[in-house]
Amino acid sequence: MFGNKWFVNKRLKNERHLSIISVLMCMFFSPMVFADKLTIYTYSEVPFATQVNNTKQGLVIEFLEALLTHAKIDYQVQLLPLKRGMALAESKKNTCVLPIERNQQRESQFKWFAPVMISRYGLFSDKSINTPLITLSDVKSNSIGSFLGSGIGEYLSNAGYKVQLTTNDALNLRKLQRKRIDFWAADIVTAKALMAEQKIDFGEPELIFFTSIRAMACNSELDTEVENRLQNALIHLYKTGYMSDLNKKYGLTIG
Amino acid sequence: MKTFIAPTWLIFTSLLLSSSATSADLFLKAADNTSVDSIQLNAEDEKKITTLISLLQPTSLTSLEQQQELRWFAQQSKPFKGLTIRVVSESIKTHVYESEVLARLFYELTGIHVIHEITEEDDVIKKITAQIETGLNLYDAYINDSDLIGSHFRNGNITSITELVSFDDGKLTLPTLDINDFIGIKFTTGPDGIIYQLPDQQFANLYWYRSDWFEDVTFKRQFKSKYGYELGVPQNWQAYEDIAHFFSNDIKHINGVRVYGHMDYAATDPSLGWRISDAWLSMAGVGDVGLPNGLPVDEWGIRVEQCHPVGASVSRGGELNGPAAVYAIDKFVSWLDLAPQEARKLTFNQASKWPKTGQIAQQIFWYSAFVGEFIDPELAIVNEDGTPKWKVAPSPVGKYWQTGMKSGYQDTGAWTFINNTPKERQLAAWLYAQFLVSKSVSLHKTLVGYTPIRLSDIESEAMSQKAPYLGGLVEFYRSEARNVWTPTGTNVPDYRNMSGHWWHYIGKIVEGKLSTQQGLDAIADEFDRHLTELSQSSSNTKCVPKVNSPKPSDYWFKQPGAPKAALENSVKGKTLPYKEAILVWE
Chain A
3 MFGNKWFVNK RLKNERHLSI ISVLMCMFFS PMVFADKLTI YTYSEVPFAT QVNNTKQGLV
63 IEFLEALLTH AKIDYQVQLL PLKRGMALAE SKKNTCVLPI ERNQQRESQF KWFAPVMISR
123 YGLFSDKSIN TPLITLSDVK SNSIGSFLGS GIGEYLSNAG YKVQLTTNDA LNLRKLQRKR
183 IDFWAADIVT AKALMAEQKI DFGEPELIFF TSIRAMACNS ELDTEVENRL QNALIHLYKT
243 GYMSDLNKKY GLTIG
Chain B
1405 MKTFIAPTWL IFTSLLLSSS ATSADLFLKA ADNTSVDSIQ LNAEDEKKIT TLISLLQPTS
1465 LTSLEQQQEL RWFAQQSKPF KGLTIRVVSE SIKTHVYESE VLARLFYELT GIHVIHEITE
1525 EDDVIKKITA QIETGLNLYD AYINDSDLIG SHFRNGNITS ITELVSFDDG KLTLPTLDIN
1585 DFIGIKFTTG PDGIIYQLPD QQFANLYWYR SDWFEDVTFK RQFKSKYGYE LGVPQNWQAY
1645 EDIAHFFSND IKHINGVRVY GHMDYAATDP SLGWRISDAW LSMAGVGDVG LPNGLPVDEW
1705 GIRVEQCHPV GASVSRGGEL NGPAAVYAID KFVSWLDLAP QEARKLTFNQ ASKWPKTGQI
1765 AQQIFWYSAF VGEFIDPELA IVNEDGTPKW KVAPSPVGKY WQTGMKSGYQ DTGAWTFINN
1825 TPKERQLAAW LYAQFLVSKS VSLHKTLVGY TPIRLSDIES EAMSQKAPYL GGLVEFYRSE
1885 ARNVWTPTGT NVPDYRNMSG HWWHYIGKIV EGKLSTQQGL DAIADEFDRH LTELSQSSSN
1945 TKCVPKVNSP KPSDYWFKQP GAPKAALENS VKGKTLPYKE AILVWE
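Structure follows, in structure tokens:
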């Protein structure tokens, strides 16, 4: 999507040390070029995007600032429920939504910028299961909690699992605690942050069963020039090591 | 204590391993050094193996041979016990079985916990891409169609099977792996003789039809009366079209159920691209004579000189936007009118369910990976005795097709190991891969998903007994056809970044946003541009593209072979009885 393999092999080996400095330089000294402001929807998900009073913070917020500044594109961020953000990004020009799972079913609906982050999903229980889970199919007869718009919820439903959806993921902690669901399927980093926030500890997941490429999805009518700028900016963030540093900062360490 | 001493059959097997001298040397070396002087397993492990033998039936091995294989896995996996590894594959019945059943058996045998993830094929490709581009260890191995061989042999991102077989003097290579027994090994071998991927499942695209309806005396009489020839297995696209019209517009209803003479899918989705790139153009007659993909022009319309791709557009000697390709796509689009109206909005997986409902008379190009789902006794397309009411046969060909050209698509989902995987994890995945394709497992697995990979399985008594219930699948795989139905070839240098153009532009053609010629011109331009970029960014790569300078179309049309000028002739429909039609496979 954002370059061929020969180029990428080289790009990841070079220029890592310039990362934060070059991005910050761009942020302070580059004028914004495009008149059409991009509206980018994200959703409240600790530690990726949260809003305290009027301040938005988290990995997604920092990523967007670096990406859009490097691309020299003016933008605004709005926090909305994921399902609503996806519907708006699909229907309105100059809008995007992130972070969402990029998958085959959604591929033709948007223009994609990926990967923004790699997530691993686990099944959390209330510690009452006795037999270790070996394969995902071990929970075929159990109820699993997820939330509306979640790629992992869609994945499990399509595979024939019994999925119960809430309006936001935080509600699943209470449901699991009250044994209204048997398992909670969640991004591991988010799950740990939510558990800490709500002072509920389900411990480690019983099974880490899925790896997801999460992306920024933009309206399919997005201007080609804007698309190219965003693609190039994302390449730049990987090339300079910015993405690696950002992921580490938020505990996203895979491999 | 039981002992396992490298026997003479091990050495004999190693001699059979590879056709190329280089690979043969490697495999012989590997097998020589894989001698296991003695295997010491405790009583608990021996008990597990006895249980596994009872579960993994049938097998082409004797009980003793199967026991030896499973004991080898138990022994060689000991350093990896307790490790959790991750692999991913597409969502077909074979892989679901591996994920839910065989991964568990492997865990019980070895203590290696495998998370075998199931996702869609396009997602597998995206994940391989992400692992290569980010350097992150997303998975320890992938099962991925061999269509990417053109990328793998050029780019250096893959740990080849040839390397893994000889790693650590072959100590982790199953002595009875028997590479030459894999019917799809040619698909995963590069022009350099290196085996890049190991087949795990294999499928072909064949013509599918309701043999019960085609043998119905009344239908036969009606068809001959209107079209002037016998209702039978279509040999060309005109006959396919006539039969489609016959069932969709003349017969319309059978036993009160609306029926259709054609089924396809055309939603703008990655799977629409495979519909065309897998073999649609070659069946129409795009490209040149010569297997596996046509030389010098292949089924993607890409011209290759020696091993260098030189262009896809007619102006550069390719055929992607030539008259034969336009004919192929025009037929694809116009035939949608003969299918259920939902077809235009369906994806690959959604459309695959339709023929099972008993409403479809024929499908020009049907994936045999679905056989397992089409023999369910509860279905309307299966007789009470369990035999199917359908058969598979060679697909009909278009008016540009000539004898000696690619006849259809076949591919193998094959184990693919990325270089940047930590070695310990990669080797544990290598053991799992070998377990899933071992002779201890493969026949049993084949009888679940019907995606055979080994000649020894195809020729087994178990498959003979099953043949009458599989609609011709066994006959196909026992014939020479298994060697001439081929996957995307090595001419496509960057499948991951080129294949997306197919569905993007074919979707626009289907939706009427572009004419067929405009859409194909656009894909050809995109391919030429990408080949040019590769030629500049990867000049040290093997078989790098060297794009031709453009010339007038007439120049190329006057040269022998593809690209071919427009044929204005009309073709009369031709059919054959089933038994004659499948003689082509011999």
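These protein sequences, in sequence, are chains A and B. Read in order, the letters of the first sequence correspond to residues 3 to 257 in this note's numbering. Read in order, the letters of the second sequence correspond to residues 1405 to 1990 in this note's numbering. Just so you know, even glycine gets a beta-carbon here, dropped at the ideal spot from N, CA and C.
Could you please give the first and the last residue of the uninterrupted alpha helix (DSSP H) stretch that includes residue i?
i, result
"M197/A", "I190 to Q200"
"S1555/B", "I1553 to N1559"
"Q1601/B", "Looking at the DSSP string, Q1601/B is not in any alpha helix (DSSP H), and its letter there is neither H nor E."
"A91/A", "L84 to S93"
"V1492/B", "No alpha helix (DSSP H) contains V1492/B, which is instead part of the beta strand (DSSP E) from T1488 to E1494."
"F1477/B", "S1467 to Q1480"
"G1817/B", "Segment Q1814 to I1822 is the beta strand (DSSP E) holding G1817/B; no alpha helix (DSSP H) there."
"K1451/B", "A1447 to L1459"
For residue i, collect the residues of the same chain with a Cβ closer than 6 Å to its Cβ; drop the 5 residues on either side in sequence, then sort them by chain order.
i, result
"L1918/B", "K1912"
"L1742/B", "A1648, S1652, G1665 and H1666"
"Q1479/B", "I1443"
"L84/A", "Y45 and G151"
"M1867/B", "V1878"
"D1646/B", "Y1631 and G1977"
Would you say residue i reaches chain A, if we count a Cβ-Cβ gap shorter than 8 Å as a contact?
i, result
"I1822/B", "no"
"Y1771/B", "no"
"Y1543/B", "yes"
"D1958/B", "no"
"A1985/B", "no"
"K1452/B", "no"
"K1433/B", "Confidence is the limiting factor: at K1433/B the pLDDT is only 37, short of 50, which leaves the residue's position unreliable, though a coordinate-based value still follows. So, not an interface residue."
"L1468/B", "no"
"E1448/B", "no"
"D1815/B", "no"
"I1519/B", "yes"
"D1526/B", "yes"
"K1531/B", "yes"
"A1534/B", "yes"
"T1892/B", "no"
"T1936/B", "no"
"L1445/B", "no"
"T1538/B", "yes"
Classify residue i as helix, strand or coil using the three-state DSSP reduction.
i, result
"I22/A", "Because I22/A carries a pLDDT of 47, less than 50, the predicted location of this residue cannot be relied on, and no value is offered for it."
"A187/A", "strand"
"H72/A", "helix"
"V1948/B", "coil"
"Y163/A", "coil"
"D171/A", "coil"
"N1993/B", "Nothing in the structure corresponds to residue 1993/B, since chain B is present only between 1405 and 1990."
"N249/A", "helix"
"N96/A", "coil"
"W1678/B", "helix"
"S1868/B", "helix"
"N1640/B", "strand"
"S145/A", "strand"
Between which residues of its own chain and residue i is the CB-CB distance below 8 Å, once the five residues before and five after are set aside?
i, result
"G1965/B", "D1692, V1693, P1700 and V1701"
"N16/A", "Residue confidence is low: N16/A scores 43 on pLDDT, short of 50, so the model does not pin down where it sits. Its coordinate-derived value is still stated next. Excluding sequence neighbours, N16/A sits near K241."
With a threshold of 8 Å between beta carbons, is residue i in contact with chain B?
i, result
"I210/A", "yes"
"Y240/A", "yes"
"N105/A", "yes"
"I120/A", "yes"
"E109/A", "yes"
"I136/A", "yes"
Can you name the start and end residues of the beta strand (DSSP E) that residue i belongs to?
i, result
"D1616/B", "Looking at the DSSP string, D1616/B is not in any beta strand (DSSP E); the run it does join, the alpha helix (DSSP H), is S1615 to F1618."
"Y1771/B", "Q1766 to Y1771"
Cutting at 7 Å between CB atoms, please list the residues of its own chain near residue i, excluding the five before and the five after it.
i, result
"L1995/B", "The shown model of chain B, from 1405 to 1990, leaves out residue 1995/B, and the question about it has no answer."
"E1703/B", "A1683, L1685, S1686, V1690, G1691, N1697 and K1810"
"Y1511/B", "H1517 and V1518"
Going along the segment 1487-1514 of chain B in order, which residues come within less than 9 Å of chain A, judged by CB to CB distance? Those would be T1488, R1490, V1492, S1495, V1500, S1503, E1504, V1505, A1507, R1508, Y1511 and E1512, in chain order.
Any C-beta of chain A within less than 7 Å: which residues of the segment 1589-1605 of chain B qualify? Listed by position along the chain: nothing, the set is empty.
Can you give me, in chain order, the residues of the segment 1651-1675 of chain B that have a beta carbon less than 7 Å from any beta carbon in chain A? Listed by position along the chain: T1672, D1673 and P1674.
Output, in sequence order along the chain, the residues in the segment 173-202 of chain A whose CB is closer than 8 Å to any CB in chain B. Answer set for the segment 173-202 of chain A: empty.
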